[in-house]
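Asks: Under the numbering used here, read the sequence shown as residues 1 to 458, first letter to last. We put the beta carbon where it would ideally sit given N, CA and C, even for glycine. To start, I am sharing the structure in question, which I have written as structure tokens.
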Amino acid sequence: MKTIIEPFRIKMVESIKMTTREQREKIIKEAGYNLFLIDAKDIIIDLLTDSGTSAMSDLQWAGIMQGDESYAGARSFHRFYDKVFQLTKFKHIIPTHQGRAAERILFEILANEGKFIPSNTHFDTTRANIEYNKGAAADLVIEEGKNPEAIHPFKGNIDLDKLENFINEKGVENIPICMLTITNNSGGGQPVSMENIRGTSEICKKYGIPFFLDACRFAENSYFIKMREPGYENKSCREIAREIFSYADGCTMSAKKDALVNIGGFLAMNDDDLALQARNVLIVTEGFPTYGGLAGRDLEAIAQGLDEILDEDYLHYRIRTVEYMGERLDKMGVPYLKPTGGHAIYLDAKAFAPHIPVEMFPGQAIAVELYRIGGIRSCEIGGIMFGKTDPETGQYLPPDLELVRLAFPRRVYTQSHFDYVLEVIEEVYQNRKNLPGYKFTYQAPLLRHFTAQFEIAL
Ligand code: P70
């Protein structure tokens, strides 16, 4: 087998400024050891997120020039609508400025006190929007999904028995919606099988509960179904994606992932009444329903991106990149969440730095060191993002997994960039026994990871 090459050529470049280790020591300290607070110019390889960081294609940039910026009924809206409709067949398609705006609108309508919203695993913005509206978010991922070492082809699946029990326990009248995140980002970018999507849909239909997808990474999920699920090997990813959407009543979408754009999203659904309410909220907070907080040119770029993302040469290269990183980490003995998922490598921080107790955030320790040694920006997805304090006992409640996510922007870095990242991880791993723990000096009440400040704890 020959090397699987990037299926694109580079037409425009953006230079990377190199920094020294001494400079980075100073920068990270001044940022309160929070990588979100470092200027992008001081980062060598930015793997903070795959969201909004993709390189757009020549055809997307051409679309940008053709954006129709009319306030109402713009040509670009129709192009966007048609593309999303061809893919999802949802009747109502409401553009929003990004994924969480779609979530905010949906949960402002559906999630209030006494309501429970199950999912495989809610992403942090989804959970925050539910909780902000006083609803309760429940994660019902299969047991394998919580074990970083467990091998399962669809570790993002929801546990269908748990889902049905949950509905019976909480009462169907208290469950306004059920969701599935594809791929399951907080659980390691792990895919959900078609069988599981169909099963969730059947349970929801049986109880009359609307079933929505958080569809940010639908194309990567479709590729995994093609590779791993019997009966799908000869279907195209486009056909698979269409089948996925056919089981749902609606979706939230951050177009910043699998629509290959730097900003944008949408909320889509079949229900007329819900759509009416959503558009009313949209008009107050985002904009008129044919642009929803975006420019006409953004809608053009999304329409084009949704075509490009389903190119199978692209998806093959994309998933292979993550797999390649996993194979190299295996050779070094570095613990990471297995099998590799769709958009990132997730280092298993508890196994990587077992000497750091979870209340001192081993994931943060690794993330800080990757920056110090190599100027790499990653993201802790563990106690800082999802840890809670018991309101009664004041006791710290850690999440199941302590991960450090190295997320891969789409079409941005080449294989030698990835080889450099591997060299840095190897150096950090060799010196892991010297990593210190961290403690908060500041934390905000919601989504604290974005603005927190830390100091070294041991
Ligand atoms: C990420 C970003 C966003 C996201 C998601 C899922 C499954 C909804 C959204 C919200 C967020 C992030 C995290 C850490 C660092 C930077 C950014 N995920 N559902 O990287 O969409 O951002 O458009 O409001 O993954 O995973 P939006």
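1) According to the Cβ coordinates, are Leu-163 and Pro-191 closer than 8 Å?
2) If I'm right that Asp-159 touches Leu-180 with Cβ under 8 Å, what's the distance once you round it to whole angstroms?
3) Sorry if obvious, but does the Cβ on Arg-100 come closer than 7 Å to a heavy atom of the ligand P70?
4) Can you list, in chain order, the residues of its chain with a C-beta nearer than 6 Å to that of Lys-134? Leave out the 5 residues immediately preceding and following it.
5) Look up Asp-214 in the DSSP assignment and give the residues it is bridged to.
6) State yes or no: is the C-beta of Phe-116 within less than 8 Å of the C-beta of Ile-175?
7) Starting from Leu-267, trace the beta strand (DSSP E) in both directions and tell me its first and last residue.
8) By a C-beta neighbour count over all protein chains shown, 10 Å radius and 16 as the cutoff for buried, is Gln-86 buried or exposed?
9) Could you pull the start and end residues of the alpha helix (DSSP H) that Gln-277 belongs to?
10) Mind checking which residues open and close the beta strand (DSSP E) that includes Ser-119?
11) Which residues bound the beta strand (DSSP E) around Val-84?
12) Would you kindly work out how many angstroms separate the C-alpha atoms of Ile-16 and Ile-44, rounded to a whole number?
13) Who does Lys-439 pair with in a DSSP beta bridge?
14) Would you say the beta carbon of Asn-123 is closer than 7 Å to some non-hydrogen atom of the ligand P70?
15) Considering Cα atoms alone, identify which of Val-404, Lys-331 and Thr-389 is closest to Ala-365.
16) With a threshold of 7 Å (Cβ to nearest heavy atom), would Ala-301 be considered close to the ligand PLP?
17) Tell me the residue span of the beta strand (DSSP E) that contains Ile-10.
18) Comparing the CB of Ser-51 with every heavy atom of the ligand P70, is any distance shorter than 7 Å?
19) So, with DSSP's three-state summary, where would you put Asp-258?
20) Tell me, please, which residues DSSP counts as bridged to His-343.
21) With distances taken Cα to Cα, identify the nearest neighbour of Thr-340 among His-355, Val-322 and Ala-353.
22) Please determine, among Tyr-324, Pro-354, Gln-415 and Val-84, the residue with the shortest C-alpha to C-alpha distance to Ile-345.
23) How far does the beta strand (DSSP E) with His-92 in it extend, from its first residue to its last?
24) Is there contact between the region 228 to 241 and the region 52 to 63, where contact requires at least three CB pairs shorter than 8 Å?
25) Would you kindly check if the distance between the Cβ of Leu-110 and the Cβ of Ala-407 is under 8 Å?
26) If distances are taken between C-alpha atoms only, which option among Val-368, Thr-389 and Leu-299 comes closest to Val-424?
27) Let me know the alpha helix (DSSP H) ranges lying completely inside the region 343 to 422, each 4 residues or longer, listed in chain order.
28) When the distance is taken between beta carbons, is His-92 closer than 8 Å to Gly-293?
29) Check Val-192 in the structure and name its three-state DSSP category.
30) Only counting the same chain, and skipping five residues up and downstream in sequence, which positions put a Cβ closer than 7 Å to that of Ser-51?
31) Pick helix, strand or coil for Val-141, following the three-state DSSP scheme.
32) Measuring CB to CB, does Pro-153 end up less than 8 Å from Lys-338?
33) Between the Cα of Leu-502 and the Cα atoms of Val-421, Pro-445 and Leu-310, which residue gives the shortest distance?
34) For Ala-136, collect the residues of the same chain with a Cβ closer than 6 Å to its Cβ; drop the 5 residues on either side in sequence, then sort them by chain order.
Replies: If we stick to the structure as given:
1) no
2) 12 Å between Cβ atoms; not a contact.
3) yes
4) Asn-112 and Glu-113
5) As DSSP reads the structure, Asp-214 sits in a beta bridge with Thr-181 and Thr-252.
6) yes
7) 265 to 269
8) exposed
9) 272 to 285
10) 116 to 119
11) From DSSP, Val-84 is part of no beta strand (DSSP E) but of the alpha helix (DSSP H) over 75 to 88.
12) 6 Å
13) Glu-455
14) Reading off the sequence, residue 123 comes out as Phe, not Asn. Answer for Phe-123: yes, Cβ within range of the ligand P70.
15) Just measuring C-alpha positions, the residue of Val-404, Lys-331 and Thr-389 sitting nearest Ala-365 is Val-404.
16) Of the ligands one can find in the structure shown, namely the ligand P70, none is the ligand PLP.
17) Taken as a continuous stretch (DSSP letters only), Ile-10 belongs to no beta strand (DSSP E), as it is neither H nor E.
18) yes
19) coil
20) DSSP output for His-343 lists no bridge partner at all.
21) Thr-340 has its Cα closest to that of Val-322, out of His-355, Val-322 and Ala-353.
22) With distances taken between CA atoms, Ile-345 lies nearest to Tyr-324 out of Tyr-324, Pro-354, Gln-415 and Val-84.
23) From DSSP, the beta strand (DSSP E) with His-92 extends over 92 to 96.
24) no
25) no
26) Val-368
27) 349 to 352, 362 to 374 and 383 to 386
28) No, the pair does not count as a contact, with Cβ atoms beyond the cut-off.
29) coil
30) Ser-254, Lys-256 and Lys-257
31) strand
32) No, the Cβ-Cβ distance between Pro-153 and Lys-338 is not below 8 Å.
33) Given a span of 1 to 458 for the chain in the structure shown, any question on residue 502 remains unanswerable.
34) Phe-116
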